[in-house]
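Protein chains: 2
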Amino acid sequence: MSIKLDLTTAGNPDLSGYQALVTQIHQKIQSKTGTGSDYLGWSTWPFDYDKTEFNKVKALAKTIQEKAEVLVVCGIGGSYLGTRAALEMIQGLYPSRKLDIVFLGNTFSSTYIVQALDRIKDKNVYVNVISKSGTTTETAMAFRLLKQFLETKYGKEEAKKRIIATTDKARGTLKTFADKEGYATLTIPDDIGGRYSVLTSVGLLPIAAAGIDIDAMMEGAKQAANDCMSDDLETNTAYQYAVMRRLLEKEGKSVELLVSYESQMAMVAEWWKQLFGESEGKENKGLFPASVNFSTDLHSMGQFVQEGKKILFETLLLVKKPMLDMTFPEDIDNLDSMNYLSGKTLSEVNLAAMKGTLIAHHDEAGIPNMILTLDDFSAKSFGYMAQWFFTACGMSVYMLNVNPFNQPGVEVYKKNMFKLLGKI
Amino acid sequence: MSIKLDLTTAGNPDLSGYQALVTQIHQKIQSKTGTGSDYLGWSTWPFDYDKTEFNKVKALAKTIQEKAEVLVVCGIGGSYLGTRAALEMIQGLYPSRKLDIVFLGNTFSSTYIVQALDRIKDKNVYVNVISKSGTTTETAMAFRLLKQFLETKYGKEEAKKRIIATTDKARGTLKTFADKEGYATLTIPDDIGGRYSVLTSVGLLPIAAAGIDIDAMMEGAKQAANDCMSDDLETNTAYQYAVMRRLLEKEGKSVELLVSYESQMAMVAEWWKQLFGESEGKENKGLFPASVNFSTDLHSMGQFVQEGKKILFETLLLVKKPMLDMTFPEDIDNLDSMNYLSGKTLSEVNLAAMKGTLIAHHDEAGIPNMILTLDDFSAKSFGYMAQWFFTACGMSVYMLNVNPFNQPGVEVYKKNMFKLLGKI
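Residue numbers (our numbering), protein chains in the order written: chain L, 1 to 424; chain F, 1001 to 1424.
Here it is in structure tokens:
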């Protein structure tokens, strides 16, 4: 289990000049000092997460699996993206599991909300509402609609048994609400921010309810935390990636394009965009995070990458072993002239597309390409990847001299919106 | 029916200095002269599309609606994105229609392909394969798998009745293939490229099969073509948008961020990214096209937009009338403190989020915002929007002195891939 990082097609520069800076930041992270250090909980989480809480997650997940046809996950941002990324990466876009998982609380879009409520109306439904404060408007509105839906359908008492609130351990609107109503509650740790929270109860409950092995996921995270323990730039791939991003930025790149070659990785890219964009997009700094899913998007964004304005570099997020595969069959008539691929697996062809694209983009168009390779689509790999990206992100953003753990800019639209809505 | 364009929050510059250039390009487009003019068919398409073909589309769509549980749309790029954009925009993400539509032929991802084939295996299936040449690898591979699936399930004769090939009118691998097998065929016009093809049989068959009114769609397109007939920059909003993009680029912006506030617009943004990115990403030129879906992505990309590196401008694609709506209910206990929103519709709250964000991004962060407003989510509006964007794209890219209608860069990865796969 590891993430391999290949910098050959990214110029393969000597990074040793950054060792002193990396060591200095590494010590700040390890000792939990420095800007934003109140939110460094993720750095030791795979070692010190609360095992009692973890078992509570498993028990609740089991109840949901036994009793529900639909689990509604009601949350936004970090309370939405990590879960969806894990589900899709580990189980694919057309998963075979019985439990339908519907996301709400992540939009004001009236059509989406009405259609989602309609989709679940005749089903056996459980709800997991996720909000640290309980005042996030999108989530609070959807939760009220879901609560009334459950109460109408099941009555007030039964509805209470079908709601699980993941929230602050002691304070806040949702915690008070949940205690008063008697919902089961799970805890969002004080020292882990939304975009770093997928390995806490925030992500673990819906992920476990989907039938995914969360023990393996935490095991993967622990392995990544161990692998990233050293500040040595020769061996710590997360730090190599962190430094390379800054180097490419210095060379004038302003967009980082996360590239995957499997459809089930699209939401991982969305999760990654929040992690990096929200961590470093401050003080007029940061790389603009964008993503594509090849080969699909080679037929839309491929032209721009190949010949458009040279403002980007690519970070390939590859996965060695596909979740499912098949051999491309022979056809006697060969009317489509595709027999030259017969006997090859689809994943072999996908690999050739990746290699051909790498030559096109790097060798021919001169676009720097970093290559990250994961072992497989397992829960363990997801956990490893999440922890590895947290570590890389913390380092990379600290190198910009920016607090990687706050998000002051997210409040600005809210303030204006509340004013327009007459909230006192 | 119209697209309103508000440039107030984009600096509202005097565009009249560009009138002469716009007039010159306009004449080139109208007279179908100039670079790439072989592919200017879209400019008069809403007036001169083939009515016999159109009726054939309707008849085939009716057969699919009557007989199929699943329609597999097998295509990539322009043979995929436009259809999916129309379906989602007009019918939402959880549509109430009976026909399930599954996309294949748009990826080499083995897990996606295996899972999609598994999803349809016990269903009553029709297939629409879409490829001008028939040699696009992703599509040809998936089509062979689908053909063998249908033949195994239904026998060779019945399988033939369940396949519709949308392809070149006379030449190419797929046309020859289809004629030999006796498939029903539809025609991709010679003078309309992939990313401009959603209003041809490419998009119209699956869109009509989904139960969408394609007469209304073409009517909308016709109205847009009429509205864009004049070269007057005072009145032609498509040309205003085209010019503003170039102005903002000159001011140093390198990313155009298409912003929508309804979940069902996410694929329209993907379609738009192909249209603009593939049209202008040439000769080291072009704006990098990116997209966000607010308010969802305010909780991921919002921080970067608000306070990150100032490399982008926003193009808001708003829709005045929501497809579905509901009133936010009162709650006696008000434990969530959300009663201040009771009696408001969800779309009113969404509008407040939009206005609050506009103030945050434009007034407070200084980010230029162009605002496009569509009337509604109807088929007619989709048709209008598609034709309007084609017109804007043609103008905007010609202003860069680039051919808007070719895509030489897309061939590079293919060439390398074929070499790796041993294709002769």
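All C-beta atoms in this analysis are idealised placements derived from N, C-alpha and C, irrespective of residue type, glycine included.
Any C-beta of chain F under 9 Å from that of residue i
i        : result
L/THR137 : yes
L/LYS250 : no
L/PHE304 : yes
L/PHE177 : yes
L/GLU66  : no
L/ALA225 : no
L/LEU316 : no
L/PRO289 : yes
L/GLU181 : yes
L/ASN350 : yes
Own chain residues within Cβ distance below 6 Å of residue i, not counting five before or after
i         : result
F/ILE1130 : GLY1075, SER1079, THR1166 and VAL1202
F/SER1396 : ALA1242 and ARG1245
L/MET338  : none
F/LEU1150 : ALA1159 and ARG1162
F/ILE1311 : SER1254 and VAL1255
F/TRP1388 : ILE1003, ALA1224 and ALA1238
Residue i at chain L interface by Cβ criterion, 9 Å
i         : result
F/GLU1364 : yes
F/PHE1143 : yes
F/ASN1284 : yes
F/LYS1355 : yes
F/LYS1320 : no
F/SER1263 : yes
F/MET1338 : yes
F/PHE1389 : no
F/GLU1270 : yes
F/ILE1207 : no
F/ILE1212 : no
F/ALA1184 : no
F/MET1323 : yes
F/ASN1012 : no
F/ASN1382 : The residue you asked about is not Asn; residue 1382 of chain F is Phe in the sequence shown. No, F/PHE1382 does not count as interfacial toward chain L.
F/GLY1194 : yes
Same chain, Cβ closer than 7 Å to residue i, neighbours up to 5 away in sequence not counted
i         : result
F/MET1385 : ILE1003 and LEU1374
L/GLN306  : ALA360, HIS361 and ALA365
L/TYR39   : ASP191, ILE192, GLY193 and PHE405
Within chain L, partners of residue i - CB distance below 7 Å
i         : result
F/ALA1360 : VAL412, TYR413 and ASN416
F/HIS1299 : ILE76, GLY77 and VAL410
F/ASP1331 : ARG144
F/THR1173 : ASP336 and SER337
Chain-ordered chain L contacts of residue i [CB-CB under 9 Å]
i         : result
F/ASN1128 : Here the premise fails: no neighbours, minimum Cβ distance about 16 Å.
F/MET1326 : SER110, ILE113, VAL114, LEU117 and LEU145
F/GLU1256 : Chain L residues near F/GLU1256: none, gap ~11 Å exceeds 9 Å.
F/ILE1311 : SER254, VAL255, PHE288 and ILE311
The alpha helix (DSSP H) enclosing residue i, as first and last residue numbers
i         : result
F/THR1357 : 1346-1358
F/LEU1087 : 1081-1091
F/VAL1412 : 1410-1421
L/ILE76   : L/ILE76 -> no alpha helix (DSSP H), and no H or E assigned at all.
L/PHE389  : 379-398
L/PHE276  : 266-280
L/PHE143  : 137-154
L/ASN55   : 51-67
L/VAL243  : 237-250
L/VAL114  : 110-120
Run of the beta strand (DSSP E) containing residue i, from where it starts to where it stops
i         : result
F/ALA1184 : 1184-1187
L/ASN293  : 288-293
F/TYR1126 : 1125-1130
F/ALA1165 : 1163-1167
Contact set between residue i and chain L, taken where Cβ atoms lie within less than 8 Å
i         : result
F/ASN1106 : THR296 and HIS299
F/ILE1371 : Going along chain L, no residue has its Cβ under 8 Å from F/ILE1371, so there is no contact; the nearest lies around 16 Å.
F/LEU1081 : SER300
F/GLN1027 : Going along chain L, no residue has its Cβ under 8 Å from F/GLN1027, so there is no contact; the nearest lies around 27 Å.
8 Å Cβ cut-off: residues of chain F touching residue i
i        : result
L/GLY422 : TYR1340
Partners in chain F for residue i, counting only beta-carbon separations shorter than 7 Å
i        : result
L/LEU93  : TYR1112 and GLN1115
L/SER43  : Within 7 Å Cβ-Cβ: nothing; L/SER43 doesn't reach chain F, min ~21 Å.
L/ASN236 : Simply none; closest approach about 26 Å.
Own chain, CB closer than 8 Å to residue i, minus 5 neighbours either side, in chain order
i         : result
L/MET273  : Reading off the sequence, residue 273 of chain L comes out as Lys, not Met. Counting only Cβ-Cβ distances below 8 Å, and skipping sequence neighbours, we find LEU258, PRO289, ALA290 and SER291.
F/GLU1219 : LYS1380 and GLY1383
Closer than 9 Å at the beta carbon, the chain F residues around residue i
i        : result
L/VAL202 : The premise fails here: L/VAL202 is roughly 13 Å from chain F at the closest Cβ pair, so nothing lies under 9 Å.
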